[in-house]
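In full-length UniProt numbering, the protein residues as written are 1 to 207.
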């Protein structure tokens, strides 16, 4: 809006974007026009939004995922034994754990949406239900999670895929080069060679 009003330039707007904001642009997200019903909120453990049927075991997530079903793996917390289910799930939702929990770290590494530490959820794996206050969600029912906000929604919510475009190319470059910021300050000359190297690789994705 500030760019459209002429208050700042596009370049200034780009420089004001935080890495976590840019990261959000590179993942599927909730359609802002969608009608949503937020039922819980946890930690924004891994960016991106996803919907799927509730499952409570990694084995079931793997089985249904390989059959083409969209599932959300719901666990009190995940362990290395759940990796195979996380691979096939669209996203992960846990009632315990923080930003450095197993679920959060692994989901970020996989590029999957994850909401962790959603303590309001009461997960009963024996009855295969989730209780949120007076609401009960059964295995096989749809939920949607937004790992960028930590919100959990009832049912399937419309999502928007990220779009790689020329307009977003500068954002891509800033995101990819951000880890080298200190080196750029110490050796400015290296910036230009690395910039063009990254720009060339990103541009190959556009054509």
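Beta carbons are placed, not taken as given, at the ideal position from N, Cα and C, and that holds for glycine. Here the structure is a predicted model, which means the values were calculated and not measured.
Rounded Cβ spacing between residue i and residue j (contact assumed at less than 8 angstroms)
i, j, result
"residue 29", "residue 121", "Contact flag wrong, Cβ pair sits at about 22 angstroms."
"residue 67", "residue 84", "Not confirmed; about 14 angstroms, so no contact."
For residue j and residue i, the rounded distance between their alpha carbons
i, j, result
"residue 152", "residue 112", "15 angstroms"
"residue 102", "residue 92", "11 angstroms"
"residue 154", "residue 104", "22 angstroms"
"residue 133", "residue 115", "18 angstroms"
"residue 161", "residue 31", "9 angstroms"
"residue 124", "residue 7", "53 angstroms"
"residue 44", "residue 110", "15 angstroms"
"residue 34", "residue 157", "7 angstroms"
"residue 205", "residue 46", "Residue placement at residue 205 is flagged as unreliable, the pLDDT there being 46, under the threshold of 50; the coordinate-derived value follows with that caveat. Cα-Cα distance, rounded: 24 angstroms."
"residue 27", "residue 106", "16 angstroms"
"residue 108", "residue 79", "15 angstroms"
"residue 214", "residue 64", "Given that the chain is displayed from residue 1 to residue 207, the structure contains no residue 214 and the question cannot be resolved."
"residue 5", "residue 150", "32 angstroms"
Sub-8 angstroms separation of residue i and residue j beta-carbons
i, j, result
"residue 94", "residue 117", "yes"
"residue 77", "residue 98", "no"
"residue 138", "residue 126", "no"
Cβ-based burial, residue i [other Cβ within 10 Å; buried from 16]
i, result
"residue 148", "buried"
"residue 136", "exposed"
"residue 81", "exposed"
"residue 119", "exposed"
"residue 166", "Confidence in residue 166 is poor, its pLDDT being 48 and thus under 50, which makes the residue's placement too unreliable to answer from."
Beta carbon proximity, residue i to chain C, threshold 8 angstroms
i, result
"residue 130", "The structure shown has no chain C; it contains just one protein chain."
Handout entry: Given 8 angstroms, three or more beta-carbon pairs between the stretch 41-61 and the stretch 79-95
Key = In this structure the stretch 41-61 touches the stretch 79-95; the number of beta carbon pairs closer than 8 angstroms is three or more.
Exercise for the section: Would you be able to state if there are at least three C-beta pairs under 8 angstroms between the stretch 68-81 and the stretch 45-53? Expected result: yes
Practice task
Report yes or no: do the stretch 27-41 and the stretch 142-150 share at least 3 C-beta pairs separated by less than 8 angstroms?
Solution key: yes
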